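For reference, the structure is listed below as structure tokens.
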Amino acid sequence: MKQVANQDLASLSGIQYLIITHDNFLTQAQRLAAHRASYNHVKTATVTVEQIYNEYSGGKQDVTALRDFIRAKYSDGRLENVLLFGKGTYDYRNIQKGNNNFVPIYESRESLWDLASYASDDYLGMVAENQGEWAEDDKVHDMVAVGLGRIPVKTAAEAQATVDKLIEYDAGDNRFGAWRSSFLFIADDGDDASQGPLHMWQSDQLASKIETKGKEFIVKRLFLDDFAQPRTRGGQTSRDAYNAFGQAMDNGYAIMNYTGHGAEQQLAAENILDDTWIKSRSNGPRYPLFITATCSFGCNDKPGTISGGEKLILLKGAGAIGLISSVRSVLASSNYKLNTAFYEALFELSPDGKYRNMGALFKDAKNKGTEKVDGRNYIYLGDPGLTLPFPNRKITISNLTSTAAGSKDANNIQALIPITVKGQVTDKGAPLPDYTGKLRYIVLDRPIAHTTKGDDNVPFTYQAYSNRLAEGTVTVRNGQFQFNMLLSKNYSSAPAALSKNYSSVPAARRPDSLRLYFYSNNKLIDYSGFSLQPPVKEISPQAPADNTPPTISLYINDSTFVSGGTIGTGGKFIALLNDEHGIDLSNLNPDTKLRMVFDGAGYDLYDNYYATDDNDYKKGRIDYLMSNLSPGRHTITLYAADTYGNKATASIVFNASAELTASEFYAFPNPASDKIQFT
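The opening residue of the sequence shown carries number 10 in the numbering used here; numbering runs sequentially from there.
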């Protein structure tokens, strides 16, 4: 027997955002609730499972008690989202050692057949009069009425780390960047010839939906079959894909969407994500929503076991902000249906024209994208009150003109000649004369066809906006901006008829457009925009001659470093580049790609690592972080070219040591009369 403190859950009314947690995590749950109240302007409440048991199940653990309490609050008419803040397991009776059943999860009656077994929080959101039995067949499709999410914390430290990430995601000083408007679609190669390249096809279809419905978003594809997969005794691996996937996450994407085979601790048979991959991430505060259309990666109900999906969510200062995945084995067709439903929900905006929170998105995806029993296995690990970071305010282009002498053709976009772009930052279509900030622009070539290697399946051909023709950073003053840009000669030629008659083609039928993306922020709020333009027609006849390669200066950590020096086991590779006509960021010509060779391994740098100086496309720099360097000598060689194709190469050598020692001494002042300093 124990004394029960006075409580009255019935007095909680008008709640919009509810957190159900365990006493161990109450402090951090209340901290998150306070953030949602101030940041999202919603009425919140935080209650413990023990409080709910006391009033709804006679003090005994009962997952239905949680549902009944949610139903009571839902009847008020305002409850939108419920966060379950604590891990739940199938061990209701606390039999297994290391059990962490803090906030119970609903478990299916079926437990032997993996495809028919499930663990789900949906049960807690089924609050209609005729719901609650949840028969385990495909005849009844029960609908979820509230947004649900779970953060499976097990310790107070994990609770603090996840709340820290959520607050940083919403309001951190360094949260802004073009990553907030970017998607990455990753696809397995399948390994089953009878299905064909199913995973790549599904992933490409999803990517194409975003490119069509959300033209302001930058969409990239990372398909496993684009990479070499050497065979070893343990099967095929792909270190190149493994590294590219990791670099992509560290660079930052709003959503990273994987389609393919998976398990609790890895993605793909080639193991492009594993425990080491997760622990090596350094992407904070660029936390993505991670979607894995795969089996079991989101399993979160096993006592003493932490799945890869859980690790991504709980990783301190890195990893994912949320995860949509499955708890058990699922079918590829079900994966695709739910994934499609999620993106359809994404573009259903709120009445005020803004993107909705994750609770609303996932609720709609579950209700519309799942029908059979295996659909109950999909879960959202994350905060349902979270809103994805897409900018709601827009950047518009008022004028784009080429300096080509005598050209009056609006379709005459030429390479190697300055192009002037003018525009403004707007809110609901109205200019913002008081806005001052920085704007980043990215110019992507018309879609280019890529065909995969066909390693374990038939080759797959897809179209992608993968060729970057220009980028830069400029200043926005009084809501207005103007800049000059120079497009690379390495562009994809469009059919002559399209270039000539582009203006007569309806906007909805311009798949071959040049795409200009814009992103701006003033450290308080951000904006995005896009502009479709005719594809590059030709290299300008007025382009001046240029046979001079770029200048390159290489350093480690800062400009005082001398090649051959010693650093610790981590550092930053810095490259400063300068050219009269800008650096080539295209990837069409392998000989002129911006890339580096680091101890014999090649890395492409044209996509995310190069940044121009503010208001000057002629100068730029690369900052490449290095960690866990092995002791000894290391060499980095950088290959670059200008937009004309003039090539340059530079190398730097350095030594890494876990114990730094002084290799040279300098006395100051020298000569000295009374004291001297050594550096």
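Just so it is clear, CB atoms sit at the ideal spot from N, CA and C, and this is done for glycine as well. No experiment lies behind these values; they were computed from the predicted model shown.
Could you pull the DSSP bridge partners for residue i from this structure?
i	result
Thr435	Lys403, Pro440
Thr560	Asn587
Arg449	Thr482, Tyr528
Thr53	Tyr26
Met494	Ile428
Tyr615	Note: Tyr615 sits in no beta bridge, so no partner.
Arg230	Phe194
Ser660	Thr646
Asn408	Lys431
What would DSSP say about residue i, mapped onto helix, strand or coil?
i	result
Asn4	With the chain represented from 10 up to 688, any question about residue 4 goes unanswered, as that position is not in the structure.
Asn280	coil
Ile306	The sequence shown places Phe at residue 306, rather than the Ile named in the question. Reduced to three states, the DSSP call for Phe306 is coil.
Ala272	coil
Gln423	strand
Ser334	strand
Thr4	Residue 4 is absent from the model: the chain starts at 10 and stops at 688.
Arg242	coil
Tyr115	strand
Leu340	coil
Gln551	coil
Tyr127	coil
Gly318	helix
Asn260	helix
Lys627	strand
Gln204	coil
Ala458	strand
Gln37	helix
Ile576	strand
Gly534	At residue 534 the sequence reads Ile, which differs from the Gly that was named. DSSP places Ile534 in coil when its eight states are reduced to three.
Val382	helix
Asn596	coil
Asp146	coil
Lys581	strand
Using 8 Å for Cβ pairs, my map puts residue i next to residue j. What's the rounded Cβ distance?
i	j	result
Glu177	Pro294	5 Å
Gln274	Ser316	7 Å
Gly391	Gly158	5 Å
Ala649	Ile592	6 Å
Ser660	Thr644	6 Å
Ser212	Phe236	Contact doesn't hold; Cβ gap of about 15 Å is too wide.
Glu145	Ser120	Not a contact, Cβ separation roughly 11 Å.
Tyr653	Leu425	7 Å
Asn344	Leu215	Not really, about 10 Å apart at Cβ, beyond 8 Å.
Tyr364	Leu324	Wrong, their Cβ atoms sit about 25 Å apart, outside the cutoff.
Using the Cα positions of residue i and residue j, report the straight-line distance between them to the nearest angstrom.
i	j	result
Ser502	Gln542	14 Å
Lys148	Gly141	15 Å
Ser496	Ala458	Note that residue 496 is Leu in the sequence shown here, rather than Ser. If you take the alpha carbons of Leu496 and Ala458, they lie about 20 Å apart.
Asp284	Leu276	10 Å
His270	Lys224	29 Å
Glu220	Phe570	44 Å
Glu380	Ala374	11 Å
Ala250	Val339	25 Å
Gly579	Thr246	27 Å
Asp71	Tyr62	7 Å
Pro393	Thr164	21 Å
Ile160	Phe299	14 Å
Val51	Arg87	10 Å
Thr601	Lys656	7 Å
Val172	Asp683	56 Å
Gly574	Arg642	10 Å
Lys372	Gln37	25 Å
Ser47	Ile281	40 Å
Tyr511	Ile422	The predicted model places Tyr511 with a pLDDT of 44, which falls under 50 and marks its position as unreliable; any figure quoted below should be read in that light. Rounded to the nearest angstrom, the two C-alpha atoms are 11 Å apart.
Thr658	Leu647	6 Å
Asp234	Ala196	8 Å
Gly378	Val162	28 Å
Ile227	Ala479	14 Å
Asp123	Ile29	29 Å
For the ligand PLP, is there any heavy atom lying closer than 7 Å to the beta carbon of residue i?
i	result
Gly328	As far as ligands go, the structure on display features none, and thus does not contain the ligand PLP.
Do the segment 349-366 and the segment 306-314 make contact, defined as three or more Cβ pairs closer than 8 Å? no
Using 8 Å as the Cβ pair cut-off and three pairs as the minimum, do the segment 124-133 and the segment 386-394 touch? yes
Check whether the segment 178-193 touches the segment 261-278, taking contact to mean three or more Cβ pairs, one atom from each stretch, closer than 8 Å. yes
For the pair the segment 87-101 and the segment 109-119, tell me if three or more CB-CB distances fall below 8 Å. yes
Do the segment 479-487 and the segment 239-257 make contact, defined as three or more Cβ pairs closer than 8 Å? Segments in contact, no.
Should the segment 445-455 be called in touch with the segment 405-413, which here means at least 3 C-beta pairs below 8 Å? no
Do the segment 458-473 and the segment 581-597 make contact, defined as three or more Cβ pairs closer than 8 Å? No: fewer than three Cβ pairs fall under 8 Å.
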